[in-house]
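Participant: This is the structure I want to talk about, given as structure tokens.
4 protein chains.
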Amino acid sequence: MALPPTRYGLPFNITRASHLELYVADLDRSLRFYTEVIGLSITQREDSVAWLRGMEESCHHCLVLRASSQAPACPFIGFRVFSDEELERLAEQLDASGLASAWVDAPFQGRTLRVSDPGGVPLEFCARMPVQPRLLTRLHLYRGGGALRLDHLQLHVPDVGALTSFYTDLGFRISEYVTADGEELIAVFLQRKGNPHDIVLFAGPGPRLHHVAFTTADISRLTLACDVAGELGYGAQVERGPGRHGPGHALYVYMRDPDGHRVELFTTHYQTLDIDDEPVRWDPREPEFGMPWGLPAQRSWHVEASPFVGVAVTGSAAAGGPLVLEEFLSGGNSA
Amino acid sequence: MALPPTRYGLPFNITRASHLELYVADLDRSLRFYTEVIGLSITQREDSVAWLRGMEESCHHCLVLRASSQAPACPFIGFRVFSDEELERLAEQLDASGLASAWVDAPFQGRTLRVSDPGGVPLEFCARMPVQPRLLTRLHLYRGGGALRLDHLQLHVPDVGALTSFYTDLGFRISEYVTADGEELIAVFLQRKGNPHDIVLFAGPGPRLHHVAFTTADISRLTLACDVAGELGYGAQVERGPGRHGPGHALYVYMRDPDGHRVELFTTHYQTLDIDDEPVRWDPREPEFGMPWGLPAQRSWHVEASPFVGVAVTGSAAAGGPLVLEEFLSGGNSA
Amino acid sequence: MALPPTRYGLPFNITRASHLELYVADLDRSLRFYTEVIGLSITQREDSVAWLRGMEESCHHCLVLRASSQAPACPFIGFRVFSDEELERLAEQLDASGLASAWVDAPFQGRTLRVSDPGGVPLEFCARMPVQPRLLTRLHLYRGGGALRLDHLQLHVPDVGALTSFYTDLGFRISEYVTADGEELIAVFLQRKGNPHDIVLFAGPGPRLHHVAFTTADISRLTLACDVAGELGYGAQVERGPGRHGPGHALYVYMRDPDGHRVELFTTHYQTLDIDDEPVRWDPREPEFGMPWGLPAQRSWHVEASPFVGVAVTGSAAAGGPLVLEEFLSGGNSA
Amino acid sequence: MALPPTRYGLPFNITRASHLELYVADLDRSLRFYTEVIGLSITQREDSVAWLRGMEESCHHCLVLRASSQAPACPFIGFRVFSDEELERLAEQLDASGLASAWVDAPFQGRTLRVSDPGGVPLEFCARMPVQPRLLTRLHLYRGGGALRLDHLQLHVPDVGALTSFYTDLGFRISEYVTADGEELIAVFLQRKGNPHDIVLFAGPGPRLHHVAFTTADISRLTLACDVAGELGYGAQVERGPGRHGPGHALYVYMRDPDGHRVELFTTHYQTLDIDDEPVRWDPREPEFGMPWGLPAQRSWHVEASPFVGVAVTGSAAAGGPLVLEEFLSGGNSA
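Encoded structure:
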């Protein structure tokens, strides 16, 4: 399996995975979870929508929660481009590649570009948001996991290889990937901001949003999120971990929010800025992959994910993907 | 179900659970696990036996590992009595109650009394050991979990109620216990040293040693033990946790040593010294019992334990005990 | 210098240092400090008095704050005796020794005995308080340092040796002490509950209350207390630390409350329950004494302390005591 | 005071502060300090020189220690450029600006460019080093502070404003700066890698290297570094902290190595990747600057620094700079 090359020297600089919106059934219920357990801060709230940010973030929002009578879903995931000028050039490249992008009005954001990636994932790009005070040292205001910032987004997609090329064409670098000898890509970790991932693609029925990940300061804060989850009635929603990742190496825990959207809290992992850093390959049959130690994930972790609004899910679990992966990940432990 | 009263004003003071011996197949292999992963320190080693202590302990040993071609088992568990004079009076009370105690020579211990409790558990009592330097602030020497001291011993026994009376007659106080309405005791937590447990009795085929527990400084050290376990090839032996206990409230992790003996590392829990502190009852059907949050224990945690050397195990799992408990503990998660 | 022997076999059991009262100028201001920075919980509040307890404590209070127009001072420090019967026998022994004890009505306490120790320190003893739910795992309610329980009280007294005999006669054991060769005792650490100290006596003008110490879970919580102190305007009141103690070995920080009363937060130290544990001697000229690493305390730490209500302070700094000690403690660093 | 603009669209990308060399008197002694206390790993060692890297780093070295009979000094500090092509273009720009750059042979580095900045600081730039395995999850190998990676370098320079322009011309962005109203720049924090600093310039006699900073995982590891320092005889070399920074917001501690070179260990701070992130101004007279809480730095922290090999130091303390700063930083505390 050949990895696609990363294109350097592009006329635009996508700096990072930056934000997303989620549809939720009960906004108050969701805000309680995201502020008390995960530890995000509310920048602004209206009747049926709220904008939240991490405790270290100066941006207006990394998470938009919108009350909706629809089933829980994700309308889009978002990235930052460095400047509005570069945003124009990104639009030109997307149009040239035959993807129809459109400028939209997005509250509390500068000029905003929407496009669906070749796998149907609705993406949003912008360069600017109104600047907010960082709450990093307002420790008096920290709650639960004290989420610091949005770090990455993980997707289930039916064809990892095809979609990987789209992202490397936009300048994303592959930090790590999972594949058995001579086989298809099972997963690929793509990054722009200099740590291992901004967007992660895993093989599985999709496109679906598997999880959004926020950084937390250390294992003490991560454990506090679990304890508060247990105390506030979300104990059963601690779905995987605490444990140590193989790829990325961070300490993590996964929880489901009240609508079933999945959130990861994890400690920061390593810096990868040098041209020397070649993609790291993981063999899914190595025991260290997925789980150097600890209890296997609940089965739901492998098969459930949030759909994107209005985007059909293709690729059946029976045809491979996550179930195959589950087998790799869990060894005999979860049988 | 009526709890037996605690007898005050006894002429002897059992101060704490203090030590135990384990038979192991390969002493070097076991020492690697107990020093590198758990973080005990070796006080003395001979060809086929080693004496270890925790990093804060001034006693000569809390754990004796003895190479043996027998199946892995525990020859005895031990307690400290405050003085040699009180030890004499304990011997008198045991003899008066019809239990045959005997004075034995135990290396690196003062006068030592052996007796089997009414359930057949081999016990050892002594007042003195050669004093060693505490290594508490020799942080340079800490390894893995940095185990600080032996805290408690947990047993599986067929009749919790009967054995509880024996221990309360020796002055142990019940800190917490588990029972459904009007039913038999499922578990009882007994203490002498002023925190919730020195010896814990759980209903199940026995007598068997379920685990020995060592304290660790905090969740950072506890996680380090897991990470080193994973790195040194013991990742699959992390059997339960990290998680938060219901009874006792501590953060914990359980691991199996290379012979299958079970070790718990946990952060220190609460002080209980006042006469006001009445035993806390847990209903096994409450969700907070066993697991306020997190993944269920592996099945082995519920059913496997170390036999005592030469002591027959009675009480079948089918007759109740641990399997009933497992049902309570795990909800539907581990099915 | 000969240490006084500890009397065993007493007809009463003083279990621990348990509570104290402090006069404060502005109750609201003090409650903000003790709840938000130190992390105690308010059990009960009336107009001019509040009762607080630590997050793990089941007792009604460990700290009573009383609004007073007098200068900040401490009316008494308190200990628990195991039972009301033992409390009677303690009264008898105190009376026999010529100290006039008196039964007083103390709100939210059982029978309560007051006496002044031979150095003039007002003491209170009781066996019972109304039991409260432990908040140990209500992590959602933790604030700042998340103080778990009162651990010990430290005094400045003009004659350490004389007062030490009084406490060892009550069954206190000496865990550690400070003295130069053939010289007077500079400090003595006395304990009943099985860790190094319940009451600490340091040479200096007195009697004065140097500090009350509360345990905190770990260095993360201890640092959080500092951060919240800084954020809420108490940054300059972080008077010593964070650092590592010589005697006792714990990680610590000292803060001054809004009235200047001194509070220590520290991580739990070692267990000392065995008769083998002989008092540990520190030479004040050893560099590890006081400060194995880190910045010297501010000068105020050495010379300031809270007076006891209505008790004259004797012994001048010029005559020795704290200034001599300061020299030992600080090396040349704070000059 | 006007900050110089950052130049975007440069034909080269300096990715990060990456390495430095230090002259030391006794290599074994220095290696003990940097491996046991700071927690770096030795990649390679020859008789009189050793190359070390942080536990998360895949580069060959971030620190070169060279035994030298000269006084302790720093021969150069180094930065990474993304590719060798970009390195050529950087050389062209430096030459065009009148600074004489030179290609040198540097062991275990790709093509390497040397130049002195306009203030005389010897700089080195390269794009490549031989890749090493990251030790991030080899927790079994961690020692002391477990330093993860080189993060930034801080200098004392006589004219902060002039030198700032040089670095912003190379694409560095100002994250934070210190200045009183209408006055000269006291300090400027410059970054390339997306967190607050790669190089920091403070007003003072110079050019001198004030410190090199390494990241550590959390406050537990940072405290462990202090404890090991105390244990191995370096307790008096803990010069400032642990405490919380104003600028940058991280938890920190400063130590002096056996030759007096200063090392900072600190927890990771915030991400700054967006064009919205304007430089943050600090007023040196605000109490939160320098020290939101805690003890003042030892005086040596303000006035001592390592010279660069063969570079004369200009600007006297009497003329301002660090002594003025010291006054700001310490309030009345260190007087």
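Residue numbers (my numbering), protein chains in the order written: chain A, 1 to 335; chain B, 336 to 670; chain C, 671 to 1005; chain D, 1006 to 1340. Built from N, CA and C at the ideal position, the CB exists for glycine as well. These numbers were taken from a predicted model, which means no experiment stands behind them.
1) Using only the alpha-carbon positions, how far apart do Asp227/A and Glu1062/D sit?
2) Just to make sure I have the definition right: I need the residues of chain A whose C-beta is within less than 7 Å of the C-beta of Ala564/B. Which are they?
3) Just verifying my parser: in three-state terms, what is the DSSP assignment at Ser669/B?
4) At 7 Å on the CB atoms, spell out the chain A contacts of Gly1199/D, in chain order.
5) Check the C-beta distance from Asn1018/D over to Phe1081/D and give it rounded, since I have them as a contact under 8 Å.
6) With a cut-off of 8 Å, does the C-beta of Thr1142/D fall near any C-beta of chain B?
7) Within 8 Å of any Cβ in chain A, is that where the Cβ of Leu894/C sits?
8) If you measure beta-carbon to beta-carbon, which residues of the segment 298-310 of chain A are closer than 8 Å to chain B?
9) Cβ of Leu525/B less than 8 Å from any chain C Cβ?
10) Under the three-state reduction of DSSP, which class applies to Gly146/A: helix, strand or coil?
11) Could you check if Pro1327/D is buried or exposed, using at least 16 other CB atoms within 10 Å of its CB as the buried criterion?
12) Report yes or no: do three or more beta-carbon pairs, one from the segment 923-942 of chain C and one from the segment 861-873 of chain C, lie closer than 8 Å?
13) Would you say Ile1224/D faces chain C, with C-beta separation under 8 Å as the test?
14) Measuring straight from C-alpha to C-alpha, what distance separates Thr370/B and Thr558/B?
15) Which residue comes first and which comes last in the alpha helix (DSSP H) that contains Ala982/C?
16) Report yes if the C-beta distance between Val209/A and Asp198/A is below 8 Å; otherwise report no.
17) Any chance you could list the beta strand (DSSP E) runs of at least 3 consecutive residues sitting entirely within the segment 369-443 of chain B, in chain order?
18) In whole angstroms, what is the alpha-carbon distance linking Leu825/C and Glu566/B?
19) What three-state label does DSSP hand Tyr904/C in the structure shown?
20) When the cut-off is 8 Å and only beta carbons count, does Leu902/C lie next to chain D?
21) If you reduce the DSSP assignment to three classes, tell me which class Thr838/C lands in.
22) Got a sec: which bits of the segment 137-168 of chain A sit with their beta carbon under 9 Å from any beta carbon on chain E, in order along the chain?
23) Report the neighbours of Glu1020/C on chain A: residues whose CB is nearer than 8 Å to its CB, in chain order.
24) By alpha-carbon positions, which one of Gln93/A, Met129/A, Gly146/A and Trp103/A ends up nearest to Thr215/A?
25) Among the residues of its own chain, which have a CB less than 6 Å from the CB of Arg759/C, if the five just before and after it don't count?
26) So that I know if they touch, is there some Cβ in chain B lying closer than 8 Å to that of Cys796/C?
27) Quick one: does Glu854/C have its CB under 8 Å from some CB of chain A?
28) Please look up how many angstroms separate the CB atoms of Cys1064/D and Leu1025/D, rounded, as I've assumed it's under 8 Å.
29) Which full runs of the alpha helix (DSSP H) of 4+ residues lie inside the segment 904-975 of chain C, going along the chain?
30) Under 8 Å between the Cβ atoms of Glu176/A and Pro279/A?
31) Report the residue from Leu40/A, Trp293/A, Tyr167/A and Val157/A whose alpha carbon sits nearest the alpha carbon of Gly144/A.
32) Buried or exposed for Leu757/C, going by 16 or more other Cβ atoms inside 10 Å?
33) For Gly667/B, count neighbouring C-beta atoms within 10 Å of its own C-beta (all shown protein chains included) and say buried if the count is 16 or more, exposed if not.
34) Just grab the DSSP bridge partners of Phe1194/D for me.
35) Is it true that the CB of Ala1007/D sits closer than 8 Å to the CB of Leu1036/D?
36) Quick one: using the 10 Å Cβ neighbour count with 16 as the cut-off for buried, is Leu141/A buried or exposed?
Facilitator: To lay it out plainly:
1) Translated into positions along the first sequence, residue 227/A becomes position 227. Translated into positions along the fourth sequence, residue 1062/D becomes position 57. Going by the C-alpha atoms only, they are around 33 Å apart.
2) As a first step, residue 564/B must be located in the second sequence, where it is residue number 229. Per Cβ cutoff of 7 Å: Trp293.
3) Looking up residue 669/B in the second sequence gives position 334. Any answer about Ser669/B is weak, because its pLDDT of 31 lies below 50 and its placement is not dependable; what the coordinates show is given next. Note: Ser669/B maps to coil in three-state DSSP.
4) As a first step, residue 1199/D is located in the fourth sequence; it is residue number 194 there, counting from the start. Within chain A, the residues near Gly1199/D are Lys193 and Gly194.
5) For the purposes of this step, residue 1018/D is taken as the residue at position 13 of the fourth sequence. For the purposes of this step, residue 1081/D is taken as the residue at position 76 of the fourth sequence. Between Phe1081/D and Asn1018/D the Cβ distance is about 21 Å, and since that is not below 8 Å, they are no contact.
6) Translated into the one-based positions of the fourth sequence, residue 1142/D becomes position 137. For Thr1142/D, the answer is yes, since a Cβ of chain B falls inside 8 Å of its Cβ.
7) As a position in the third sequence, residue 894/C is number 224, starting the count at 1. By this cut-off, Leu894/C is an interface position.
8) Gln298
9) Counted from its first residue, the second sequence places residue 525/B at position 190. False, the Cβ-Cβ gap to chain C never drops below 8 Å.
10) As a position in the first sequence, residue 146/A is number 146, starting the count at 1. Note: Gly146/A maps to coil in three-state DSSP.
11) In the fourth sequence, residue 1327/D corresponds to position 322, counting from 1. Its pLDDT being 47, under 50, Pro1327/D is placed unreliably in this model, and the value from its coordinates should be taken loosely. When all chains shown are included, Pro1327/D counts as buried.
12) yes
13) Indexing the fourth sequence from 1 puts residue 1224/D at position 219. Closer than 8 Å: yes.
14) Locating residue 370/B in the second sequence gives position 35, counting from the first residue. Locating residue 558/B in the second sequence gives position 223, counting from the first residue. The alpha-carbon atoms of Thr370/B and Thr558/B are separated by roughly 16 Å.
15) Locating residue 982/C in the third sequence gives position 312, counting from the first residue. From DSSP, Ala982/C is part of no alpha helix (DSSP H); its letter is neither H nor E.
16) Stepping through the first sequence from its first residue, residue 209/A is reached at position 209. Stepping through the first sequence from its first residue, residue 198/A is reached at position 198. According to the sequence provided, residue 209/A is Leu. The question's Val does not apply to it. Against a cut-off of 8 Å, the Cβ pair of Asp198/A and Leu209/A comes out as no contact.
17) 376-380, 384-388, 398-402, 411-416 and 437-439
18) Residue 825/C sits at position 155 when you count from the first residue of the third sequence. Residue 566/B sits at position 231 when you count from the first residue of the second sequence. Roughly 48 Å separates the two Cα atoms.
19) Here residue 904/C corresponds to residue number 234 of the third sequence, with the count starting at 1. Three-state DSSP puts Tyr904/C in coil, outside helix and strand.
20) Position 232 of the third sequence, counted from the first residue, corresponds to residue 902/C. Not one chain D Cβ lies under 8 Å of Leu902/C.
21) The sequence position of residue 838/C within the third sequence is 168, counting from 1. Of the three classes helix, strand and coil, the one that applies to Thr838/C here is helix, per DSSP.
22) Among the protein chains in the structure shown, which are A, B, C and D, there is no chain E.
23) Here chain C has residues from 671 to 1005 only, and residue 1020/C is not among them.
24) Within the first sequence, the letter at position 215 stands for residue 215/A. Selected option, being the one with the closest Cα: Gly146/A.
25) Within the third sequence, the letter at position 89 stands for residue 759/C. So the qualifying residues of the chain are Pro681 and Phe682.
26) Reading the third sequence from its first residue, position 126 is the one you call residue 796/C. Not closer than 8 Å to any Cβ of chain B, the Cβ of Cys796/C fails to qualify, so no.
27) The residue labelled residue 854/C in the question sits at position 184 within the third sequence. No, Glu854/C does not count as interfacial toward chain A.
28) On the fourth sequence, position 59 is the one that residue 1064/D refers to. On the fourth sequence, position 20 is the one that residue 1025/D refers to. Wrong, their Cβ atoms sit about 13 Å apart, outside the cutoff.
29) 969-973
30) Taking the first residue of the first sequence as position 1, residue 176/A is located at position 176. Taking the first residue of the first sequence as position 1, residue 279/A is located at position 279. A contact, by the Cβ cut-off of 8 Å.
31) If you number the first sequence from 1, residue 144/A lands on position 144. Looking at the Cα atoms, Leu40/A is the closest of the given residues.
32) What you label residue 757/C is simply residue 87 of the third sequence in a count that begins at 1. It is buried - the Cβ of Leu757/C has at least 16 other Cβ atoms within 10 Å.
33) Counting from 1 along the second sequence, the entry for residue 667/B is found at position 332. With a pLDDT of 32 at Gly667/B, under the threshold of 50, the modelled position of this residue cannot be trusted, and the question is left open.
34) Residue numbering aside, residue 1194/D sits at position 189 when the fourth sequence is read from its first letter. DSSP, once it has assigned bridges, lists Glu1181/D and Val1205/D as partnering Phe1194/D.
35) As a position in the fourth sequence, residue 1036/D is number 31, starting the count at 1. As a position in the fourth sequence, residue 1007/D is number 2, starting the count at 1. For Leu1036/D and Ala1007/D, no; Cβs fall outside 8 Å.
36) As a first step, residue 141/A is located in the first sequence; it is residue number 141 there, counting from the start. Exposed, because fewer than 16 other Cβ atoms sit within 10 Å of the Cβ of Leu141/A.
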